[in-house]
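Novice: If you scroll down you'll find the structure; I have some questions about it.
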Amino acid sequence: MLGALAPVMLKRTGLSSAPTGSSAAWAGWLRTMSLFFVLVHLVGAFAGCGDDGETTLPPESPIVGRHPAFITDTEGRALLLRGMNVSGSAKDDPQRMPWVGRDDLRRLKGWGFNAVRLLIFWDAIEPQPGLYDESYLRRVRERVDWCAEAGLWVVLDMHQDVYGKYAFDGKPLGFDGAPAWAARTDGLPHRIIDPWALTYLQPGVRRAFDNFWSETGPHADVQQHYLSMWQFVARFFRDHPAVLGYDLMNEPFAGSAASAQWGPLRVGDPERSRVFEQTLLRRFYLRLIAAIRAVDTEKWIFYEPLALPANNGGPSFIGKLDDPRAGSPRLVYAPHLYGIEPELNNHFDPKSTPEMDAWHRQRRLEVEALGEPLIVGEFGLPWTAGGDPKGYLRKTLSVIDDVASGWFYWSYDPGSWGPVYGPALEESPIVDLLVQPYALRVAGYPLRFGYNPDERRFTLEFRDEPRVTAPTEIFIPSRVYPLGWRFRIDLPDDLVRARWFPEEELLRVELRKRGGVRQITIEPLR
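Take the sequence shown: its letters are residues 12 to 537, numbered as in this note's numbering.
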């Protein structure tokens with residue numbers, strides 16, 4: 012079972028001796044004496060020896076991150092998330108349940124993941140106004156229990172795609188989300204079109220969102236129902252130790268105020284979208300956060316920017332939100348990352364990524380301004396696409412590591428986007444890309460971290476926190492290092508205790524000298 016979370020968040024503030032980022036300071040810090048341990052896990056051997064050489068990062072290493080804050084565990088360690096969305100199949104299931112069973116969750120744990128983003132749906136929770144289906148929530152709780160048994164955290168994601176399956180008049184509207192009684196289109200036309208995302212632009216869909224966002228008038232009750240529904244869910248799950256937090260709304264859409272830029276094509280007015288995000292969306296989040304905090308002050312609250320334009324590299328204008336809980340805030344900024352143009356063209360070129368580059372720039376600015384953990388709620392691509400989808404995904408993972416303290420891949424479903432395929436649920440090529448060495452928990456403040464797939468080199472730089480006595484934990488998968496691996500740290504061997512747990516593929520590192528900036532490197536044996 013998973014423990015509860017500590018009520019603190021590690022921040023950059025006050026870390027005056029952290030590297031400045033200048034090449035001179037970085038090079039100076041790297042000129043240290045290095046100890047390296049050689050652990051050949053295939054034969055269970057462990058050996059250590061001193062090394063007077065210089066510890067250097069490869070030029071292509073993505074260790075350039077800026078991470079202002081992290082979720083922490085009960086021991087005060089920074090918690091880095093790697094996980095899957097579970098799962099898209101729930102959208103069409105009559106009971107809104109994913110196809111995933113206990114064995115699948117154990118499989119995710121075996122891949123080194125430590126969390127899932129579990130889809131839940133408003134129409135299943137509140138099928139009629141004010142009437143909540145507790146039997147649905149009990150089924151959700153059963154899946155959460157399975158996750159806990161597998162050692163996985165859970166973020167409950169209130170999912171929607173194109174508002175909801177049906178409109179108020181019973182006609183098809185979108186794909187999942189709101190109950191029909193809350194989908195008020197005022198009689199405007201709507202139909203599902205291809206590509207599916209363009210259905211958002213149907214007049215009836217836009218009006219349903221406009222009526223949801225309205226704070227006054229005949230439809231103001233819809234949003235109030237959403238707030239009360241979330242409050243009911245939070246009360247139901249607040250004491251479950253595996254529930255890490257709540258994702259308030261999947262990919263919010265601005266209705267008639269929506270705006271996006273796809274190459275030369277512009278949809279809507281960017282200024283109107285900006286004002287919407289700064290006013291209606293911001294106020295909605297503040298009300299919803301307050302509603303949840305009235306019944307649950309402990310869980311982390313994940314909130315997303317407008318999917319258009321943020322998913323495709325555009326900016327967000329929500330600004331910093333207030334968390335009324337006593338103590339430090341527990342808010343997580345949770346944008347998604349999708350390149351719309353390569354997705355529509357079914358062609359992914361890692362040498363031409365304007366959407367991803369823009370996303371990287373915008374998220375970097377935002378995470379520094381917000382001072383909150385950034386965890387990517389969704390990203391993914393079809394591994395059968397044209398171009399070089401594997402190279403594109405490798406670059407995506409590097410970009411995310413640069414600004415985020417976690418991610419959830421979309422999604423654990425069979426098919427071209429998923430990690431499994433076929434009747435036997437064989438592993439797809441995506442698995443070998445997603446399964447990487449990473450630090451699950453860091454006994455201090457992570458400054459920089461990343462994995463170079465070409466060199467198969469993982470590097471973690473962190474400021475050691477003397478008050479944190481629990482070990483740093485690093486997942487080191489054998490599929491990446493079939494012939495063994497080498498562990499390096501810039502301390503003499505008598506000041507380091509490193510223990511290898513082969514069944515978990517987990518290295519636990521304890522330091523006998525506390526305080527200061529440390530660097531850990533994992534690399535293959537030659």
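For each residue, glycine too, the CB sits at the ideal point set by N, CA and C. None of the values given here were measured: they were computed from a predicted structure.
Just tell me which of G279, L392 and E534 has its CA closest to the CA of D465.
Specialist: For the purposes of this step, residue 465 is taken as residue 454 along the sequence shown, with counting starting at 1. Nearest option by C-alpha distance: E534.
Novice: Any chance the segment 115-123 sits against the segment 437-448, with 3 or more Cβ pairs inside 8 Å?
Specialist: A contact exists between the segment 115-123 and the segment 437-448.
Novice: Thinking Q242 and A302 are a contact (beta carbons under 8 Å), I'd like their distance in whole angstroms, please.
Specialist: As a working note, residue 242 is residue 231 in the sequence shown. As a working note, residue 302 is residue 291 in the sequence shown. Contact flag correct, Cβ pair sits at about 5 Å.
Novice: Alpha carbon to alpha carbon, how far is P503 from R523?
Specialist: Within the sequence shown, the letter at position 492 stands for residue 503. Within the sequence shown, the letter at position 512 stands for residue 523. About 10 Å.
Novice: Can you say whether D412 is buried or exposed, counting buried as having 16 or more other CB atoms within 10 angstroms of its CB?
Specialist: Locating residue 412 in the sequence shown gives position 401, counting from the first residue. The residue in question, D412, is buried, as its Cβ has 16 or more Cβ neighbours within 10 Å.
Novice: Three or more C-beta pairs closer than 8 Å, one from the segment 267-282 and one from the segment 154-171: is that the case here?
Specialist: The segment 267-282 is not in contact with the segment 154-171.
Novice: For R217 and A337, what's the separation of their Cα atoms in angstroms?
Specialist: Here residue 217 is taken as the residue at index 206 of the sequence shown, counted from 1. Here residue 337 is taken as the residue at index 326 of the sequence shown, counted from 1. Taking the straight line joining both Cα atoms gives about 38 Å.
Novice: Can you grab the Cα-Cα spacing for the pair N323 / H371, in whole Å?
Specialist: Along the sequence shown, read from residue 1 onward, the residue named residue 323 stands at position 312. Along the sequence shown, read from residue 1 onward, the residue named residue 371 stands at position 360. Spanning the two alpha carbons is a distance of roughly 10 Å.
Novice: For K331, count neighbouring Cβ atoms within 10 angstroms of its own Cβ and tell me buried if that reaches 16, exposed if not.
Specialist: On the sequence shown, position 320 is the one that residue 331 refers to. Looking at its Cβ environment, which holds fewer than 16 other Cβ atoms inside 10 Å, K331 is exposed.
Novice: Please report the straight-line C-alpha distance between V155 and G256, rounded to a whole angstrom.
Specialist: For the purposes of this step, residue 155 is identified with residue 144 of the sequence shown, where counting begins at 1. For the purposes of this step, residue 256 is identified with residue 245 of the sequence shown, where counting begins at 1. Rounded to whole angstroms, V155 to G256 spans 12 Å at the Cα level.
Novice: Which two residues bound the contiguous alpha helix (DSSP H) that contains L539?
Specialist: Residue numbering for the chain in the displayed model covers 12 to 537; residue 539 lies beyond these limits and cannot be assessed.
Novice: For D399, which residues from the same chain have a beta carbon less than 6 Å from its beta carbon, with the 5 sequence-adjacent residues on both sides left out?
Specialist: As a working mapping, residue 399 is identified with position 388 in the sequence shown. Cβ neighbours of D399 beyond the five flanking positions: P361.
Novice: Hey, out of F179, F264, R149 and Q235, whose CA is closest to L212's CA?
Specialist: Here residue 212 refers to the residue found at position 201 when the sequence shown is read from its first residue. Measuring from the Cα of L212, the nearest candidate turns out to be F264.
Novice: Taking C-alpha atoms, which residue in D258, D250, P229 and W192 lies nearest to L129?
Specialist: Taking the sequence shown and counting its residues from 1, the one referred to as residue 129 is at position 118. For L129, the nearest C-alpha among the options comes from D258.
Novice: Does the segment 145-153 touch the segment 182-198, meaning 3 or more C-beta pairs lie closer than 8 Å?
Specialist: Touching, no, given that fewer than three Cβ pairs across the two stretches are closer than 8 Å.
Novice: With a threshold of 8 Å, are at least 3 pairs of Cβ atoms found where one atom belongs to the segment 350-359 and the other to the segment 395-409?
Specialist: Judged by Cβ distances under 8 Å, the segment 350-359 makes contact with the segment 395-409, as three or more pairs qualify.
Novice: Any chance you could list the alpha helix (DSSP H) runs of at least 4 consecutive residues sitting entirely within the segment 325-380, in chain order?
Specialist: As far as the segment 325-380 is concerned, its whole alpha helix (DSSP H) runs of at least 4 residues are 351-356.
Novice: Expressed to the nearest angstrom, what Euclidean distance is found between the alpha-carbon atoms of L376 and S327?
Specialist: By one-based count along the sequence shown, residue 376 stands at place 365. By one-based count along the sequence shown, residue 327 stands at place 316. Each residue's alpha carbon lies about 10 Å from the other.
Novice: If contact is defined by three or more beta carbon pairs under 8 Å, each pair taking one atom from either stretch, is the segment 230-250 in contact with the segment 283-294?
Specialist: No: fewer than three Cβ pairs fall under 8 Å.
Novice: Please work out which residues of its chain come closer than 6 Å, Cβ to Cβ, to G279, disregarding the five sequence neighbours upstream and downstream, and give them in chain order.
Specialist: Counted from its first residue, the sequence shown places residue 279 at position 268. Hits under 6 Å: A269 and S270.
Novice: Can you say whether P105 is buried or exposed, counting buried as having 16 or more other CB atoms within 10 angstroms of its CB?
Specialist: In the sequence shown, residue 105 corresponds to position 94, counting from 1. P105 should be labelled exposed.
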